[in-house]
Structure formats: structure tokens, C-alpha cells
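Peer 1: Here it is: the structure, laid out below.
In my numbering, the protein residues as written are 449 to 519.
See below:
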């Protein structure tokens, strides 16, 4: 069964939240780079789906590195 654009955006947003959770905890740059690449791809998908409705997809910037989160 095909997903509607709203369902795709909801799934991508949930996956984006998981990516953000991982970025808040990962210290190693290689791991962070992989998650950042997935995050960028998900944002692109959400933006494309939102364009079908003439909407703008806004999502917060990625979380800071754990080393700098307490500063």
C-alpha cells in the first residue's frame, strides 16, 4: 500500500527525531557524519513531499556535538 504524502512526512519526521537523538550522543566524527548524511536525505524527502501541498517544511538545525552541549 502506498503512503500518502502526510504519512511520508510523519515517518520522516520520526526518523529525523531519532537522528537528532543519535547526534546528541555520538562523539565519533565518522558516526556523526553517517547520521548527518541520513538526516540531510530525510529533510530533502520531507521538503519534496511538502511541496506537493504547497507547504514549506521547517525543521530545527541539528543538535550540537555532545562536547559542546554543556557550554
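Glycine included, each C-beta is placed from N, C-alpha and C at the ideal position.
Assign residue 500 to buried or exposed, taking buried as 16 or more other Cβ atoms, counted over all protein chains shown, within 10 Å of its Cβ.
Peer 2: exposed
Peer 1: Looking only at its chain, what residues have a beta carbon closer than 6 Å to the beta carbon of residue 505, apart from the 5 residues adjacent to it on each side?
Peer 2: 494, 495 and 498
Peer 1: Taking the alpha helix (DSSP H) that residue 466 falls in, what are its first and last residues?
Peer 2: 453-473
Peer 1: Would you please state the rounded distance, in angstroms, between the beta carbons of residue 511 and residue 468? I believe it to be under 8 Å.
Peer 2: 5 Å
Peer 1: In terms of residues, what are the limits of the alpha helix (DSSP H) holding residue 517?
Peer 2: No alpha helix (DSSP H) contains residue 517, which DSSP labels as neither H nor E.
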